[in-house]
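Colleague: Have a look at the structure that comes next, please.
Numbering (the working numbering), first residue to last: 2 to 523.
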């Protein structure tokens with residue numbers, strides 16, 4: 002394997018100038034990355050023919066990334082580039098492609114990958130790298146929030162017949178599976194990942210199967226099926242495909258599962274584990290995001306805001322601007338800003354999400370409507386109701402039930418604030434039902450708490466505002482004289498109001514009123 006103090010000497014020159022890459026490729030595909038890396042470091046990359054260099058470089062970099070970490074893999078790329086040089090235009094385009102993959106600045110990465118792709122198209126050379134330039138473009142455009150580039154995916158797919166891909170994870174179909182759900186297209190990812198996982202298991206490529214299992218778990222978590230998510234993660238463990246310490250992707254999946262199951266102990270234990278080597282920044286992002294999301298689910302907005310802002314800064318530094326690539330943290334972050342009275346900050350998030358959607362992404366549009374409804378509530382409650390109803394309508398078909406539940410909860414609260422108690426209760430009952438169907442215990446707890454608070458409102462809905470005050474005072478044990486004195490009215494008026502209350506609530510005594518109010522408050 003590579004020596005920490007002499008990276009270049011281990012990579013090139015080697016002692017094998019006529020390499021047979023097939024055994025190394027098989028080791029890589031089977032998950033023996035240490036063995037693949039050991040074989041690769043014996044090769045002479047400085048004089049290797051371009052057609053072999055095209056195949057060997059991705060094997061070297063991917064093996065080094067897993068075995069030695071992302072930072073070391075980048076150093077190896079720099080060493081290879083210095084030793085090989087870029088006088089050959091094909092080699093230059095190959096190196097440019099992998100520099101694009103290693104670049105954290107999305108605009109620069111997109112430029113490098115685009116230039117490399119254009120050059121390789123013109124040269125009609127290095128098909129493996131040309132394919133990789135396309136997948137690099139697909140990934141960076143997702144990172145930038147531009148959506149999934151299906152045209153680039155189809156071009157990559159057209160190159161694949163007869164092409165020796167490094168692994169199935171590099172295929173166009175894998176890009177669909179691994180990325181589509183991160184732009185809100187759950188069904189496409191689920192379909193692709195199912196077939197990719199089955200194929201990897203059948204071929205004995207368990208490390209790759211573990212990757213697919215992790216992403217399958219994420220699709221199920223977002224779709225509201227945590228039990229299925231747990232099964233996929235556990236299956237990956239049984240295959241021996243999950244590394245220890247866990248990768249950031251596994252931490253995110255198991256962390257979201259713990260959040261949905263309201264298992265604070267499991268979440269704390271997971272976050273206390275060491276970070277998978279070479280991925281410290283990704284690990285720090287995931288931990289902050291998970292803590293923030295969990296706090297938002299509890300409606301502890303100060304802690305949520307602090308952690309989500311930290312996660313946002315880390316995601317930005319990693320070039321991750323697509324909300325789905327950063328655990329949809331923008332959604333609770335915006336809501337935390339509203340809850341804390343930071344209205345301009347909330348509007349900035351809304352503007353960014355609206356621009357990213359352009360009216361083409363229902364999930365983003367539904368969340369934008371919810372946040373705008375919350376922003377409108379203090380000054381224009383009628384407009385707030387319209388926006389929250391619009392949010393519910395959009396999110397009903399967007400595929401992420403947790404976002405629908407959150408909008409239903411806010412709609413229920415706003416209807417209650419407007420005195421529409423029965424309608425508020427219906428919205429909250431639906432929120433409780435959707436959360437229960439999704440087995441989302443954290444949201445069920447919120448929905449149930451707000452729903453319980455709506456029971457009293459629903460009971461007293463037939464009453465006027467003054468009758469509500471009298472009914473509550475009487476239920477609390479105040480005498481008619483005390484109630485009259487507090488309202489600057491007569492005892493006779495209070496008696497008349499109580500008669501009206503009894504009639505509207507279909508009861509006949511103060512004792513029954515006390516029992517009804519006590520039951521509603523429970």
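For glycine and all other residues, C-beta sits at the position ideal for the given N, C-alpha and C.
I'd like the span of the alpha helix (DSSP H) that includes residue 395, first residue to last.
Modeller: 382-396
Colleague: Could you spell out where the alpha helix (DSSP H) holding residue 219 opens and where it closes?
Modeller: 207-223
Colleague: May I ask you to verify whether the stretch 218-228 touches the stretch 246-265, counting CB pairs closer than 8 angstroms and requiring at least 3?
Modeller: yes
Colleague: Ignoring anything shorter than 4 residues or poking outside the stretch 280-357, list the alpha helix (DSSP H) runs there in chain order.
Modeller: 281-298, 302-318, 331-340
Colleague: Measuring CA to CA, which of 346, 398, 375 is closest to residue 364?
Modeller: 398
Colleague: Return the chain-ordered list of same chain residues with a C-beta closer than 8 angstroms to the C-beta of residue 463, the five sequence neighbours on each side being excluded.
Modeller: 505, 506
Colleague: Give me the DSSP bridge partner(s) of residue 1.
Modeller: Since the displayed the chain opens at 2 and closes at 523, residue 1 lies outside it and no answer follows.
Colleague: Can you round the beta-carbon distance between residue 184 and residue 148 to whole angstroms, since I take them to be within the 8 angstroms contact cut?
Modeller: 6 angstroms
Colleague: Might you give, ordered along the chain, the residues of its own chain that have their beta carbon closer than 6 angstroms to the beta carbon of residue 290, omitting 5 neighbours on each side?
Modeller: 312, 328, 330
Colleague: Restricting to Cα atoms, I'd like to know which of 450, 169, 453 is closest to residue 31.
Modeller: 169
Colleague: Below 7 angstroms CB to CB, which residues in the same chain sit around residue 136 once its five sequence neighbours on both sides are set aside?
Modeller: Beyond the five residues adjoining it in sequence on each side, residue 136 comes within less than 7 angstroms, by CB distance, of 157, 171, 176 in the same chain, given in chain order.
Colleague: Using three-state DSSP, classify residue 508 as helix, strand or coil.
Modeller: Assignment of residue 508 by DSSP, reduced to helix, strand and coil, places it in the coil class.
Colleague: With three or more beta-carbon pairs closer than 8 angstroms as the criterion, would you say the stretch 414-421 touches the stretch 199-209?
Modeller: no
Colleague: Taking all protein chains shown into account, decide if residue 29 is buried (16 or more other Cβ within 10 angstroms of its Cβ) or exposed.
Modeller: buried
Colleague: Comparing alpha-carbon positions, which option in 40, 93, 352 lies nearest residue 126?
Modeller: 93
Colleague: Could you tell me which uninterrupted alpha helix (DSSP H) segments, each at least 4 residues in length, are contained entirely in the stretch 78-122, listed from first to last along the chain?
Modeller: 90-103
Colleague: Quick one: measure Cβ to Cβ for residue 118 and residue 134, integer angstroms, because I've assumed they're closer than 8 angstroms.
Modeller: 4 angstroms
Colleague: Can you tell me the Cβ-Cβ gap for residue 138 and residue 131, rounded? I've got them flagged as a contact below 8 angstroms.
Modeller: With a Cβ gap of about 11 angstroms, residue 138 and residue 131 do not count as contacting.
Colleague: Which same chain residues, not among the five before or five after residue 150, have their C-beta less than 7 angstroms away from its C-beta?
Modeller: These residues qualify, in order along the chain: 138, 139, 142.
Colleague: Counting only beta-carbon atoms, is residue 91 nearer than 8 angstroms to chain D?
Modeller: No chain D is present in this structure, which holds just one protein chain.
Colleague: Any idea if residue 211 is buried or exposed, counting beta-carbon neighbours within 10 angstroms, 16 or more meaning buried?
Modeller: buried
Colleague: Classify residue 411: buried if its beta carbon has 16 or more other beta carbons within 10 angstroms, exposed otherwise.
Modeller: buried
Colleague: Judging by CA-CA distance, which residue of 326, 62, 322 is the nearest neighbour of residue 186?
Modeller: 326
Colleague: Taking three-plus beta-carbon pairs below 8 angstroms as touching, is the stretch 401-408 in contact with the stretch 439-446?
Modeller: yes
Colleague: From the DSSP output, in three-state form, read off residue 443 for me.
Modeller: Three-state result, residue 443: helix.
Colleague: What residue from 294, 450, 474 has the CA that sits closest to residue 511's CA?
Modeller: 474
Colleague: Thinking just about the alpha-carbon of each residue, which of 146, 236, 215, 53 is nearest to the one in residue 91?
Modeller: 53
Colleague: Give the DSSP-derived three-state secondary structure of residue 379 in the structure shown.
Modeller: coil
Colleague: Would the beta-carbon of residue 339 fall within 8 angstroms of that of residue 349?
Modeller: no
Colleague: Considering only their Cβ atoms, is the gap separating residue 367 from residue 395 smaller than 8 angstroms?
Modeller: yes
Colleague: For residue 161, collect the residues of the same chain with a Cβ closer than 8 angstroms to its Cβ; drop the 5 residues on either side in sequence, then sort them by chain order.
Modeller: 132, 172, 173
Colleague: Do you know how far the Cα of residue 375 is from the Cα of residue 343?
Modeller: 12 angstroms
Colleague: Nearest CA to the CA of residue 159: which residue from 189, 188, 128?
Modeller: 128
Colleague: Quick check: what's the CA-CA separation for residue 269 versus residue 295?
Modeller: 11 angstroms
Colleague: Would you check if the distance between the CB atom of residue 377 and the CB atom of residue 333 is smaller than 8 angstroms?
Modeller: no
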